[in-house]
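Residue numbers (the working numbering), protein chains in the order written: chain A, 13 to 297; chain B, 13 to 297.
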């Protein structure tokens, strides 16, 4: 694992799962962390958990920082407050953690000269100041999406930090990133939510009750992401709408294929499709 | 946990995950297990694993048994060989483990007077003589689907055994069972397989490669059952075709709803739907 040598002042805006975990690991490396929470109550909880050496709701503490992570929800990244923008030192390297990159870069390339679009992919099921934990980024992809105007030195700073956390550094274009996460990260949320709905819209009470009693690990796994944070799901759909709609269209075609084979009792073809699925999944997992 | 008092001779036809696990637990309770494998090679492996006291490919050993479990794939349960039928003692209680019940009962109520339709729901991802393990059925549903012609004493025998394994005894109608598993067990396989296909049909190589690198726990969980055993998937579809097709229709309606909200940018309604999904899932899990 790469270890950053010099210790620096790092600001982290938002101390939820991603922000809190960044704070814990970077603090352990010897850096001084300036953590920002939105509410006073969260600041108290974050102090109890010792997420950072300095914790405040006051954005002014960021003036001490040479690197700042905006560990905020997508909606806040797309609509940053003036107070946040003004609190960012002009020389600081600023990065985010949002799961869409093109819309965020369109906003931030105009705001900050040393902004790096980041997407550390390390789970999103837990939230709040209690969610942060050590080694969250270990062996997880950390995607960055530099554009023409990106400051190369700033990119190197983020690269060093992400490698020091044990993350897998992946550099790609924002457009390609957003298409890919549309397929493998955002689409699953909606096909999984639809599965939950298709059972709950069942009107026959005895059937619904039985289904609830019989639901086993297969149902549990397939519905996990669909039963996740509703705000996050909406934010994904809103920020990555066209890629998500394209992914849903592709998905419906795939499902139509399978349905057609079942309708036509074409078991040979259905078996082929399921074999392809099995082999394909191995390449992803 | 209920413990069966008298030790008996129990035949188990098929020593895969379900059959092998039954054999291990029932042997531990003191019963004498007569295990049947299809191939000589599997018999050798099963003997090495000590899955049963008597292991053979010769169905004649079943003549010693008062209870026999047919731990066979659905297709073999729907098309039993004459050799199997003739090897079952007329007085023995016979049960199966198939994940559909109505078609199996239609076949078996004509073959054996003491047949009990069972579906112990204890996972299906592993297979073969190495898959069996202790306590597989602990706290898992064991569904039985008695019909008018069912022998009540035989039903009680299976109930005692299933409770002795720590399973949750659930008694229902075959038709209702098949509808419920169509929704919560068979449907997930196909919606999950379609997700794998929708990513793999992607023609842009760089996108496919990136998607494969970024696929995380959400994608992994949502695609698990779709990347499972193809033979089992086809057998489910074949044996539970009309319920599965109805479930797919219901599913497509649910997905259309979500897609519509995204198309119309109706984020309020989308959030409502995702909140409902979250709450509904809690009732199932």
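Virtual Cβ for every residue (Gly too), placed ideally from N, Cα, C.
All values reported here derive from a predicted model rather than from experimental measurement.
{"Query": "Does the region 66 to 84 of chain A come within contact of the region 147 to 158 of chain A, defined as at least 3 CB pairs closer than 8 Å?", "Result": "no"}
{"Query": "Could you check what DSSP says for residue 230 (chain B) in three-state terms: helix, strand or coil?", "Result": "helix"}
{"Query": "Under 8 Å between beta-carbons, which chain A residues line up against residue 385 (chain B)? List them in chain order, please.", "Result": "Residue 385 (chain B) is absent from the structure shown; chain B starts at 13 and stops at 297."}
{"Query": "Should residue 6 (chain B) be flagged as near chain A, meaning a C-beta pair shorter than 8 Å?", "Result": "Residue 6 (chain B) lies beyond the residue range present for chain B, which begins at 13 and ends at 297; the question has no answer from this structure."}
{"Query": "Going by Cα to Cα distance, which pick from B:32, B:294, B:278 and B:280 is closest to residue 147 (chain B)?", "Result": "B:32"}
{"Query": "Taking residue 21 (chain A) as the reference, which of A:93, A:101, A:209 and A:113 has the closest Cα?", "Result": "A:101"}
{"Query": "Any beta carbon from chain A within less than 8 Å of residue 117 (chain B)'s own beta carbon?", "Result": "no"}
{"Query": "So, with DSSP's three-state summary, where would you put residue 82 (chain B)?", "Result": "strand"}
{"Query": "Thinking residue 143 (chain A) and residue 26 (chain A) are a contact (beta carbons under 8 Å), I'd like their distance in whole angstroms, please.", "Result": "At roughly 11 Å, the Cβ-Cβ gap does not stay under 8 Å, so residue 143 (chain A) and residue 26 (chain A) are not in contact."}
{"Query": "Given residue 23 (chain A), which residues of its chain have a CB within under 6 Å of its CB, disregarding the five upstream and five downstream residues?", "Result": "46, 74, 77 and 80"}
{"Query": "I need the boundaries of the alpha helix (DSSP H) containing residue 288 (chain A), first residue and last residue.", "Result": "279 to 296"}
{"Query": "Give a yes or no on whether 8 Å exceeds the smallest Cβ distance from residue 213 (chain A) to chain B.", "Result": "yes"}
{"Query": "Can you tell me where the alpha helix (DSSP H) holding residue 37 (chain B) begins and where it ends?", "Result": "29 to 40"}
{"Query": "Can you grab the Cα-Cα spacing for the pair residue 87 (chain B) / residue 30 (chain B), in whole Å?", "Result": "16 Å"}
{"Query": "Could you please give the first and the last residue of the uninterrupted alpha helix (DSSP H) stretch that includes residue 211 (chain B)?", "Result": "199 to 212"}
{"Query": "Give the straight-line distance between the Cα atoms of residue 236 (chain B) and residue 123 (chain A), rounded to the nearest whole angstrom.", "Result": "42 Å"}
{"Query": "Measure the alpha-carbon distance for residue 296 (chain B) versus residue 231 (chain A) and round it to whole angstroms.", "Result": "9 Å"}
{"Query": "Closest to residue 127 (chain A) by C-alpha separation, out of A:111, A:169 and A:133, would be which residue?", "Result": "A:169"}
{"Query": "Could you tell me whether any Cβ in chain B is nearer than 8 Å to the Cβ of residue 196 (chain A)?", "Result": "yes"}
{"Query": "Between A:65, A:216 and A:118, which has its C-alpha nearest residue 11 (chain A)'s C-alpha?", "Result": "Residue 11 (chain A) lies beyond the stretch modelled for chain A, which goes from 13 to 297, so this question has no answer here."}
{"Query": "Is there a Cβ from chain B that is less than 8 Å from the Cβ of residue 184 (chain A)?", "Result": "yes"}
{"Query": "Using only the alpha-carbon positions, how far apart do residue 177 (chain B) and residue 167 (chain B) sit?", "Result": "16 Å"}
{"Query": "Please determine, among A:131, A:199, A:218 and A:239, the residue with the shortest C-alpha to C-alpha distance to residue 209 (chain A).", "Result": "A:239"}
{"Query": "Would you list the one or two residues that DSSP bridges to residue 68 (chain A)?", "Result": "A:48"}
{"Query": "Quick one, which of B:220, B:193, B:140 and B:125 has its alpha-carbon nearest residue 253 (chain B)'s?", "Result": "B:193"}
{"Query": "In chain A, what lies closer than 8 Å to residue 279 (chain B) by C-beta?", "Result": "246, 249 and 250"}
{"Query": "Can you pull the chain A residues whose beta carbon is under 7 Å from the beta carbon of residue 223 (chain B), in chain order?", "Result": "192, 195 and 196"}
{"Query": "Would a check of beta-carbon distances place residue 149 (chain A) closer than 8 Å to chain B?", "Result": "no"}
{"Query": "Which of the three DSSP states, helix, strand or coil, is assigned to residue 159 (chain B)?", "Result": "coil"}
{"Query": "What residues of chain B sit near residue 51 (chain A), judged by a beta carbon separation below 7 Å?", "Result": "Near residue 51 (chain A) there are no residues of chain B at all, since even the closest Cβ is about 21 Å away, more than 7 Å."}
{"Query": "CB-CB under 8 Å to residue 285 (chain A), same chain, minus the five flanking residues each way: which ones, in chain order?", "Result": "269, 270 and 273"}
{"Query": "Check whether the Cβ of residue 274 (chain B) lies closer than 8 Å to any Cβ atom in chain A.", "Result": "yes"}
{"Query": "Give a yes or no on whether 8 Å exceeds the smallest Cβ distance from residue 34 (chain B) to chain A.", "Result": "no"}
{"Query": "Which class does residue 25 (chain B) belong to by DSSP, given the choice of helix, strand or coil?", "Result": "strand"}
{"Query": "Since residue 111 (chain A) meets chain B, which of its residues come closer than 7 Å, beta carbon to beta carbon?", "Result": "Within 7 Å Cβ-Cβ: nothing; residue 111 (chain A) doesn't reach chain B, min ~10 Å."}
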